[in-house]
Amino acid sequence: MREREAGPRAADDDVAATVKAARGMAPEPLPSGFAAIDWSKPWFAQFAARGQRWQQAALAGYANLLAEMNADAARIQPTTGRGQRLAFIAQDDLPPGAAYEGHIASTGCVPTRHNLHDFFNGSMWFAFPRIKAALNARQSAELDVLGVGPTRGGVRDMLTLFDENALLFACADPSLCAALHGFDWQTLFVARRDAWGRGCEVRCFGHALLEKLIAPFKGCTGHAWIVEVPPNYFEWDPAARNAWLDEAVSAALLGTDALTSRMFAPLPVLGIPGWWPENESPTFYDDTSVFRAGRRKR
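Under our numbering, the first residue of the sequence shown is numbered 1392, with each subsequent residue one higher.
Right under this line is the structure:
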């Protein structure tokens, strides 16, 4: 999947482009692209324990990757949106004419290509299994009602954006949530910089976003889903935080009828404190081509 490089304004407006570039339209990078994953980067480090094993399998070959993924699936037993046990199959095993999301929901089988896009998609089924199952449940339910047509509809657009490009913004301070919603980058990243790691943090979720971060660029922007967390959240270990986020976000996705793309807030990934050396200087955020005022302020 590829999106044009853009700051928050374009990310806020460019729903159609993101959705159009979703499943089945991604280019097929060479398998050697797996070697480019740098697990020391903060956006990859959260998945490094499993990811490094999968990376070695992917470099050895397509069948090796599928075998490693299925070994984890057999051991951990994640399920789809309709309770089917998860398995990973070759893309060519998807029946002709079958809808991708519907096939996963009804069979448990995730069609997987030998590329970075599907590598990161598979990893999310283990990092946040409940969120992935919730997305699959909503996607397949929409397919049941609307079928596979030339347009996805607003709910499926939103679900695709989440699946492909979401960041989970965990926050215990309402003023920081307001700064993100209001495109107040100076407050969020400069004046309240010391709050990061104590009052807010980010987890990457979108697998297309992770693919883009193989070669990060300043305008790389995710769709942030704000999750209000309890103050003691930041005292928990990473596994406990991920489990809490997994349960809370999946419940919100299943319990909210009117899902729209306007529920996201654009967030430039390289602006996150501690995620990019250059943002140690406050002047990094003076670039208005990336850190824009945004539609809401205009």
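Glycine residues also receive a C-beta, built at the ideal position from the N, C-alpha and C atoms.
Is residue i helix, strand or coil by DSSP?
i        : result
Leu-1534 : helix
Phe-1479 : strand
Trp-1383 : The chain is shown from 1392 up to 1689; residue 1383 falls before or after that span and cannot be answered.
Arg-1466 : helix
Val-1546 : helix
Trp-1576 : helix
Trp-1635 : helix
Trp-1587 : strand
Pro-1420 : Unreliable placement is indicated for Pro-1420, whose pLDDT of 44 sits below 50; the coordinate value is still reported in the next sentence. Three-state DSSP puts Pro-1420 in coil, outside helix and strand.
Lys-1609 : coil
Pro-1629 : helix
Pro-1486 : coil
Thr-1551 : helix
Arg-1683 : coil
Ser-1672 : coil
Gln-1447 : helix
Ala-1649 : coil
Arg-1473 : coil
Phe-1438 : coil
Leu-1567 : helix
Gly-1662 : helix
Leu-1644 : helix
Leu-1457 : helix
Asp-1349 : There is no way to answer for residue 1349, as the model of the chain reaches only from 1392 to 1689.
Leu-1600 : helix
Tyr-1624 : helix
DSSP puts residue i in a beta bridge; with which residues?
i        : result
His-1692 : This structure gives no information on residue 1692, because the portion of the chain shown stretches from 1392 to 1689.
Val-1593 : Phe-1560
Glu-1619 : Cys-1562
Among the options, which one has its Cα closest to the Cα of residue i?
i        : options                                : result
Thr-1647 : Ala-1525, Asp-1585, Ala-1426           : Ala-1525
Gly-1513 : Leu-1650, Trp-1445, Ser-1672           : Trp-1445
His-1505 : Val-1618, Ser-1641, Asn-1455           : Asn-1455
Gly-1613 : Asn-1556, Phe-1479, Phe-1682, Ala-1684 : Asn-1556
Leu-1550 : Thr-1651, Pro-1657, Ala-1490           : Thr-1651
Gln-1437 : Asn-1633, Gly-1665, Thr-1674           : Asn-1633
Asp-1677 : Gly-1662, Trp-1666, Pro-1668, Trp-1667 : Gly-1662
Leu-1552 : Phe-1675, Leu-1644, Pro-1622           : Leu-1644
Ile-1605 : Val-1660, Arg-1589, Ala-1440           : Val-1660
Asp-1463 : Ala-1451, Leu-1477, Leu-1450           : Leu-1477
Gly-1588 : Trp-1627, Phe-1574, Gln-1577           : Trp-1627
Met-1515 : Thr-1470, Gly-1452, Ala-1569           : Thr-1470
Trp-1576 : Thr-1679, Tyr-1491, Gly-1452           : Thr-1679
Pro-1622 : Ala-1490, Pro-1565, Ala-1642           : Pro-1565
Asn-1670 : Pro-1629, Ala-1615, Ala-1631, Phe-1580 : Phe-1580
Taking 9 Å as the cut-off, decide whether the C-beta atoms of residue i and residue j are in contact.
i        : j        : result
Ile-1617 : Phe-1560 : yes
Ala-1349 : Glu-1619 : The question about residue 1349 has no answer, for the chain in this structure spans 1392 to 1689.
His-1598 : Asp-1548 : no
Ala-1448 : Gln-1475 : no
Val-1681 : Lys-1609 : yes
Phe-1519 : Val-1640 : yes
Ala-1528 : Arg-1473 : yes
Pro-1433 : Gly-1665 : yes
Leu-1507 : Leu-1558 : no
Val-1593 : Leu-1534 : no
Leu-1450 : Phe-1425 : yes
His-1572 : Ala-1656 : yes
Glu-1602 : Phe-1511 : yes
Gly-1685 : Phe-1574 : yes
Met-1460 : Thr-1503 : yes
Ser-1531 : Gly-1493 : yes
Asp-1509 : Gln-1482 : yes
Query - Uninterrupted beta strand (DSSP E) stretches inside the region 1494–1527 (no shorter than 3 residues) - result: The qualifying runs are 1500–1503.
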